[in-house]
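Structure first, commentary second.
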Amino acid sequence: MKIKHIILAFLCVSFLGWGSSAFAMTQLEKEALIQSIISQIAVLQIQLNQQLAQQNGTAWCYNFNTNLSLGTSGNDAAALNKALSRQGLTTSYPSSYFTSATRTGVIAFQEKYASDILLPLGLLRGTGIAGLATRAKLNTIYGCENSQASSSITIIYPNAGQMMHIGDTARIAWSTTGLTALDNLAVMVYMSNQPYLNVKTLADSIPATQGYIDWTITEDTLPSTSYPTNLRVRIEDRQKNISVSSVDFIINSSTNNTSSISLVTPNGGETLYVSDTYHITWNTVGLSPSDMATITIYRSADPYSNIKTIESSVSATRGYYDWVITSDNLPSTGYPLNLRMKIAVSSKNISDLSASDFTVNATNSGLANISLISPDGGQTLYVGDTYRIQWTSSNLTSSDTVNLSVFNPANPFSNIKTITNFVAAGQGYYDWTISKDGLPSTSFPVALRIKIDVADKNISDSSTSDFTVNSSGNSGPASITVAYPNGGQIFTIGTSIPRITWSTLGFTYYDTVSITAHLFSDPYLNVGQITDSIPATQGYFDWIISEDTVPAVDTPLYILIESPDRNVSDKSNTSFKVRPRPLPEE
Numbered sequence: 014m015k016i017k018h019i020i021l022a023f024l025c026v027s028f029l030g031w032g033s034s035a036f037a038m039t040q041l042e043k044e045a046l047i048q049s050i051i052s053q054i055a056v057l058q059i060q061l062n063q064q065l066a067q068q069n070g071t072a073w074c075y076n077f078n079t080n081l082s083l084g085t086s087g088n089d090a091a092a093l094n095k096a097l098s099r100q101g102l103t104t105s106y107p108s109s110y111f112t113s114a115t116r117t118g119v120i121a122f123q124e125k126y127a128s129d130i131l132l133p134l135g136l137l138r139g140t141g142i143a144g145l146a147t148r149a150k151l152n153t154i155y156g157c158e159n160s161q162a163s164s165s166i167t168i169i170y171p172n173a174g175q176m177m178h179i180g181d182t183a184r185i186a187w188s189t190t191g192l193t194a195l196d197n198l199a200v201m202v203y204m205s206n207q208p209y210l211n212v213k214t215l216a217d218s219i220p221a222t223q224g225y226i227d228w229t230i231t232e233d234t235l236p237s238t239s240y241p242t243n244l245r246v247r248i249e250d251r252q253k254n255i256s257v258s259s260v261d262f263i264i265n266s267s268t269n270n271t272s273s274i275s276l277v278t279p280n281g282g283e284t285l286y287v288s289d290t291y292h293i294t295w296n297t298v299g300l301s302p303s304d305m306a307t308i309t310i311y312r313s314a315d316p317y318s319n320i321k322t323i324e325s326s327v328s329a330t331r332g333y334y335d336w337v338i339t340s341d342n343l344p345s346t347g348y349p350l351n352l353r354m355k356i357a358v359s360s361k362n363i364s365d366l367s368a369s370d371f372t373v374n375a376t377n378s379g380l381a382n383i384s385l386i387s388p389d390g391g392q393t394l395y396v397g398d399t400y401r402i403q404w405t406s407s408n409l410t411s412s413d414t415v416n417l418s419v420f421n422p423a424n425p426f427s428n429i430k431t432i433t434n435f436v437a438a439g440q441g442y443y444d445w446t447i448s449k450d451g452l453p454s455t456s457f458p459v460a461l462r463i464k465i466d467v468a469d470k471n472i473s474d475s476s477t478s479d480f481t482v483n484s485s486g487n488s489g490p491a492s493i494t495v496a497y498p499n500g501g502q503i504f505t506i507g508t509s510i511p512r513i514t515w516s517t518l519g520f521t522y523y524d525t526v527s528i529t530a531h532l533f534s535d536p537y538l539n540v541g542q543i544t545d546s547i548p549a550t551q552g553y554f555d556w557i558i559s560e561d562t563v564p565a566v567d568t569p570l571y572i573l574i575e576s577p578d579r580n581v582s583d584k585s586n587t588s589f590k591v592r593p594r595p596l597p598e599e
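One rule links them: number in this note's numbering = place in the sequence shown (from 1) + 13.
Quick look at the structure:
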């Protein structure tokens, strides 16, 4: 074989070429040279395997070594289209362009192999970008390897210069190829400038397929306490003699000396009304309770004229201020007003602004209103399920009650079934236990809609489109759907006990799920364990919020409910927040 001869010749030339100067090289330089030679041999080996595949008429193969996204073109894009076509997915094959059809195919591929691509990253939906994890799976299926299956480890987090602090809990995450739960990994951290000095072992025997460990960062687990220190993670399978290292990340002391303030809401797009009370929120870093913040608003069209001060002295670390909107504290009364907000800590010379305009209108009409949130169409429910019906209301009193009914949209005025009467409108939810007797029809599957009304106010709302109820026997592929909190909520440590709710499909009484809280911006840092085992079909858990169960306060979070045994999970669609525990009254 011609390429085999090339590889042999390359080895000879390489080792003879640098042998005379080897004694003048440092150990790190030697290792770098060896790695370079190994990489070049791997390239030649790939070419050999491709040639063998062509000569022997075996299956097509390709190695995906470059991230691919919409607009990419060339051989890599052509190979991607071919791979997706072989999977029976939407693609632009035989085109050499990454088109919108290719993106659709990539999303389908990622969701088809979600356990290998999406779940280790904390994702539930495909991204449409063929990145590191997607390419690893493509190479597992189509890579040009020899007849012996190769094994590899890919570090997912930390992987991009993250800044961490003493006291943080970071989730070190990885993916593997060709390894099983019987393979054990060691996880270590070391200084990038002194890789062999004072290496710290974080875990010595972790199942390779577990995919993560939670590292509580303490000085005892660090190779150095000279802050800031640049570190790397190394993960090894010592039995199979494979290892991988991350890029540098940074560990700082527990005190972050950089001060900053970030306005969270309003940040653009909101519509407010005169007489509303609006909850302004912000985040801070490196500030103390004695640092005072000033909140002002201005017209985006005329930012230097008639600036109005909402609050001149509020503790920066409080993180919120309830703004009662009046005509007197607005820059103009020419409604609707396009405004922006500024929050500043003058003593630290730091500030932040709304990213875009929000709108203030004249006083709301004051008309009572009710809006059904769920079920709003598209859901699939089963007889025997307990489903949480949810709604919002405005300008109703504590004495106002709602009626809930269910009807068949094909015959909306016949055989309407009452679910319940006289539920407090302000409660916002009702747990509906679905029975055959409570349905307008038992010709399963039956398409239905919910109606909610406040009779004495002559207002109502209905599901926008049909949802489906099937007969008892919740079966089929297992799935979890988070119902609450699903974005936009604000809770408080020590005073809020929200009921986390979800629905399941294909689970039994014996199946369990775990519930965790994650930072929306960094899902592997400071994971909050809410419960590690609860019956999946229970469908709810009353969360007593404490400092131990939240990753951070006044920061966008999401709930993740997952079943490792069924390899399925779901998370909040958008973020919610948890406020710190209120200070005791003096």
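Don't be surprised by glycine CBs; every beta carbon is placed ideally from N, CA and C. Bear in mind the structure is a predicted one, so any value in this text is a computation, not a measurement.
Environment of residue i [buried if 16+ CB atoms lie within 10 Å]
{"i": "Tyr291", "result": "buried"}
{"i": "Thr309", "result": "buried"}
{"i": "Tyr317", "result": "exposed"}
{"i": "Trp73", "result": "exposed"}
{"i": "Tyr395", "result": "buried"}
{"i": "Thr4", "result": "Any property of residue 4 remains undetermined from this structure, which presents the chain solely from 14 to 599."}
{"i": "Asp398", "result": "buried"}
{"i": "Arg116", "result": "buried"}
{"i": "Lys616", "result": "Any answer about residue 616 is impossible in this case: the structure gives the chain only from 14 up to 599."}
{"i": "Asp233", "result": "exposed"}
{"i": "Phe435", "result": "exposed"}
Contacting residues, own chain, Cβ-Cβ under 7 Å from residue i (five flanking each side not counted)
{"i": "Asp227", "result": "Thr182, Arg184 and Val540"}
{"i": "Ile574", "result": "Ile493, Val495, Trp515, Val526, Ile528, Ser582 and Asp583"}
{"i": "Ser256", "result": "Arg247, Ile248 and Glu249"}
{"i": "Asn76", "result": "Ile59, Asn152, Gly156 and Cys157"}
Cβ-Cβ distance between residue i and residue j below 9 Å
{"i": "Gly180", "j": "Thr242", "result": "no"}
{"i": "Asn580", "j": "Asn499", "result": "no"}
{"i": "Ser492", "j": "Pro388", "result": "no"}
{"i": "Gly84", "j": "Thr103", "result": "no"}
{"i": "Thr481", "j": "Gln392", "result": "yes"}
{"i": "Tyr537", "j": "Pro171", "result": "yes"}
{"i": "Leu409", "j": "Ala381", "result": "yes"}
{"i": "Val327", "j": "Ala357", "result": "no"}
{"i": "Met204", "j": "Leu215", "result": "no"}
{"i": "Tyr442", "j": "Tyr497", "result": "yes"}
{"i": "Ile386", "j": "Gln403", "result": "yes"}
{"i": "Trp295", "j": "Asp567", "result": "yes"}
{"i": "Ser345", "j": "Gly282", "result": "no"}
{"i": "Ile264", "j": "Tyr240", "result": "yes"}
{"i": "Met354", "j": "Leu276", "result": "yes"}
{"i": "Trp445", "j": "Ile432", "result": "yes"}
{"i": "His178", "j": "Ser259", "result": "no"}
Where residue i sits in the DSSP three-state scheme
{"i": "Gly439", "result": "helix"}
{"i": "Tyr571", "result": "strand"}
{"i": "Thr562", "result": "helix"}
{"i": "Asp398", "result": "coil"}
{"i": "Ile128", "result": "According to the sequence displayed, residue 128 carries Ser and not Ile. In this structure, Ser128 counts as helix in the three-state DSSP scheme."}
{"i": "Lys590", "result": "strand"}
{"i": "Tyr155", "result": "helix"}
{"i": "Lys361", "result": "helix"}
{"i": "Asn539", "result": "coil"}
{"i": "Gln223", "result": "helix"}
{"i": "Asn94", "result": "helix"}
{"i": "Ser205", "result": "coil"}
{"i": "Ser188", "result": "strand"}
{"i": "Asn88", "result": "helix"}
Nearest-angstrom Cβ-Cβ length linking residue i and residue j, presumed shorter than 8 Å
{"i": "Phe589", "j": "Gln502", "result": "4 Å"}
{"i": "Ile506", "j": "Val373", "result": "About 31 Å; that fails the 8 Å criterion."}
{"i": "Val287", "j": "Ser237", "result": "That belief does not hold up - the Cβ atoms of Val287 and Ser237 are roughly 57 Å apart, past 8 Å."}
{"i": "Ser473", "j": "Ile463", "result": "At roughly 11 Å, the Cβ-Cβ gap does not stay under 8 Å, so Ser473 and Ile463 are not in contact."}
{"i": "Ile572", "j": "Ile513", "result": "6 Å"}
{"i": "Asp365", "j": "Ile274", "result": "6 Å"}
{"i": "Leu570", "j": "Leu532", "result": "6 Å"}
{"i": "Gly174", "j": "Phe262", "result": "6 Å"}
{"i": "Pro133", "j": "Ala143", "result": "No, Pro133 and Ala143 are not in contact; Cβ-Cβ is about 16 Å, not under 8 Å."}
6 Å Cβ shell around residue i - same chain, five flanking residues per side excluded
{"i": "Leu350", "result": "Val373"}
{"i": "Tyr106", "result": "Asn94, Lys95 and Ser98"}
{"i": "Ile120", "result": "Gly139 and Gly141"}
{"i": "Lys4", "result": "This structure leaves residue 4 out entirely; the chain is present only between 14 and 599."}
{"i": "Ser82", "result": "Ile142"}
Heavy atom of the ligand MN within 8 Å of residue i beta-carbon
{"i": "Pro593", "result": "Among the ligands in the structure shown, none appear at all, so the ligand MN cannot be discussed."}
Neighbourhood of residue i by C-beta, 8 Å cutoff - its chain only, sequence neighbours within 5 removed
{"i": "Asp335", "result": "Thr290, Tyr291, His292 and Ile293"}
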